[in-house]
Amino acid sequence: MAMGAISSRKGRRGKRAPMAEINVTPLVDVMLVLLIIFMVTAPLLVAGVAVDLPESRAETLDQNMEPVQLSIDRDGQISIDDAAIEAADLPARLAAIAAQPAPPEGRRIYLRADRSLDYGDVMRVMGELNRAGLNRIALVSVGEGDR
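Per the numbering used here, the very first residue in the sequence shown carries number 52; after that it's consecutive.
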């Protein structure tokens, strides 16, 4: 009886069991074609359109304002843009700098301080900068290879 059941399954033609494997070859082919399309079109997206702009008598906007260089040497001498000033004159000079027109994001200040200075001396100058409303302060240092 068991023999008859096996022979009857083989006897059916045209009906097979479903295949349980996934064929990834078409997926890889489609992905490679998409990759080639993106590689060809990406440089075209970067290129701009050539436009002949009209002339104007208006002045250009000063967008590349130089930052203010504030330096403190090892003796505690404060300099603003290479001009030495007294410590007592610092608040008035910083208030004058803050009163000048500045870009919308604020005026940049580069603070250079000698490494041998006391931390408190540098913090006093930073406090005066903050009190004047100059809050975009960058502390300048040198890299290891720049010495």
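A virtual CB, placed ideally from N, CA and C, is assigned to each residue, including glycine.
{"query": "Just checking my contact of V119 with I160 at CB under 8 Å: how many whole Å lie between their CB atoms?", "result": "5 Å"}
{"query": "I need the DSSP call for L78, collapsed to helix, strand or coil.", "result": "helix"}
{"query": "Among all the DSSP beta bridges, which residues are the ones paired with Y170?", "result": "Bridge partners of Y170: none, in fact."}
{"query": "At 3 residues or longer, and completely inside the stretch 115 to 142: list those beta strand (DSSP E) runs for me, N to C.", "result": "119 to 123, 129 to 131, 134 to 136"}
{"query": "Could you spell out where the beta strand (DSSP E) holding R67 opens and where it closes?", "result": "Counting along the chain, R67 falls outside any beta strand (DSSP E), and DSSP gives it neither H nor E."}
{"query": "Mind checking who L162 pairs with in its DSSP beta bridge?", "result": "L121, L190"}
{"query": "In whole angstroms, give me the CA-to-CA distance for D126 and Q151.", "result": "29 Å"}
{"query": "May I have the straight-line CA-CA distance separating A56 from A71, to the nearest angstrom?", "result": "In this predicted model, A56 has a pLDDT of only 48, less than 50, meaning its place in the structure is not dependable; the value taken from the coordinates is given anyway. Going from the Cα of A56 to the Cα of A71 covers about 25 Å."}
{"query": "Do I123 and L168 count as a contact pair if the criterion is CB distance below 8 Å?", "result": "yes"}
{"query": "Would E117 pass as a contact of L145 if the rule is Cβ separation under 8 Å?", "result": "no"}
{"query": "Let me know if I148 comes out buried or exposed under the rule of 16 or more other beta-carbons within 10 Å of its beta-carbon.", "result": "buried"}
{"query": "What's the gap between the Cα of N74 and the Cα of A93?", "result": "30 Å"}
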